[in-house]
Each structure stands twice: as C-alpha cells, then as structure tokens.
Amino acid sequence: MVENENIWSYEFERNKGLKAGQLLLSEPFMPDENFRRTVVLVCEHNRQNGTVGLIVNKPINLKLNDVVEDFPPFKSKVFLGGPVGTDTLQFLHCLGDQIEGSVQLSDNLFWGGNFEQIKLLLRDEKILPNQIRFYLGYSGWEVGQLDNELRENSWIITEATHDHLFKTPHEILWREVMKGMGGIYSTMAGYPENPNFN
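So the sequence shown is numbered by the working numbering: it starts at -12 and just counts up by one.
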C-alpha cells in the first residue's frame, strides 16, 4: 500500500486558499464512492453559505430531453454534478455576457444564467456542443465542512482552465490535471485506484 500521507499532505494545500473557479481533485484513494477520482469545480465558496461545486467528470446515461421535457435537440452529455439537488440542472459555459445572470468563475468560464435564454440560443443553433456542459445536481458542503476534509487530506486544489472543462476527455481528466501539476502530483496521477494493486 502507498503511504501517500508521508509524501503529500494538507501542508501542500493549505497555502493555496480556496475560491470559486478552482478545481478540487479527490485524493487517489478516496473511500467515498460519490467522489472517487472526481474533479470538482468550485462554483461558490464563502464563510456564510459554505461551498457549492460541480463534479465535472462523471457522465450519466441520460439525455437532456430526459431531464427537461421541452429542451431543444442538442448533442451534449449530461454529467452528475453531485448528490445534492438532483432535480436541478446546472450548466457551465464559455458564452460570457451572452447569458444574463451568469457568474464568471475564471477566464472564459461561467456558471449558470438565464435558462430560457440558453434554450432559445440552442433552438436558433447559436450554441455549439463545445461551449456548454450540463450537470444534474451539485455538490455541497456546509460552512467549515470542506475545510475539515482538506485537513484530512481528502482534496487537492488547483486552478481550473477552459481546456479542463471543455476540451479534456472526462475519462482522463483527473489523471491529466494531476499530471499537469507536476512534482508529487504527477507521481500520484499514476497510483492505482486500489492501493493493494501497487
């Protein structure tokens, strides 16, 4: 078994801070099935409301029309954003000010906005599949909860980029982001999911 606590720990992450627009990578041997080998985009993080994020690398076997009845035809995967609010549809996009009410998370990366406007643009074929991603549900942490999980070495923090969300295939996203961080993280990217196989 790899004793990853001897080579990587919260001390690596504590000085990074945490804010919207960053990614949380689950540690290689995360025991929680909901978050094993996941990449979570932080959408909101504050001392009043806690943290909201979206798992961005877990596609589910549903089409948009299965989730929203009057949704225009559009070829796009639906991802499981997390175990909370699975009756809600979240979305990330790179459409910026075209979508009223959207929240900018980082360069060319936005969360939410006017859903009816999204549908109208899709009907008029003004949005391409590589400009938007849809997520059923979200991930949520109460105030202080995520800080505790970070101290328990559950998460690794890094910056999100447009390419992470819209260009890197979901099945290799965790590994590729980890490798791109270099150093010990690059080594961790090669760990097997089951430490007994190492």
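Positions of the beta carbon are idealized from the N, C-alpha and C atoms, including for glycine.
A residue is called buried when at least 16 other Cβ atoms come within 10 angstroms of its Cβ; residue 114 meets this threshold and is buried.
Contact between residue 26 and residue 5 fails: their C-beta atoms lie close to 15 angstroms from each other, not under 8 angstroms. Note on geometry: alpha-carbon atoms of residue 49 and residue 139 lie some 34 angstroms from one another. Under the 10 Å beta carbon count, residue 173 is surrounded by fewer than 16 other beta carbons and is classified as exposed. DSSP places residue 122 in the uninterrupted beta strand (DSSP E) bounded by 119 to 128.
Of all alpha-carbon atoms in 170, 61, 55 and 39, the one lying nearest the alpha-carbon of residue 68 is that of 39. In the three-state scheme derived from DSSP, where H, G and I count as helix and E and B as strand, residue 31 is classed as strand. Under the three-state reduction of DSSP, residue 43 is assigned to coil, being neither helix nor strand. Note that the stretch 52 to 68 touches the stretch 122 to 131; at least 3 beta-carbon pairs, one per stretch, sit closer than 8 angstroms. In the DSSP assignment, residue 97 is bridged to 80 and 91.
In this structure, DSSP gives residue 105 a helical state, which the three-state scheme calls helix. Between residue 102 and residue 82, the CB-CB gap reaches or exceeds 8 angstroms. Going by C-alpha positions, residue 72 is about 18 angstroms away from residue 133. Residue 131 is classed as exposed because its beta carbon has fewer than 16 other beta carbons within 10 Å across all chains shown.
Of the candidates 175, 8 and 161, the residue whose Cα lies closest to the Cα of residue 90 is 8. Residue 143 and residue -4 have their alpha carbons spaced roughly 9 angstroms apart. In the three-state reduction of the DSSP assignment, residue 161 falls in the helix class.
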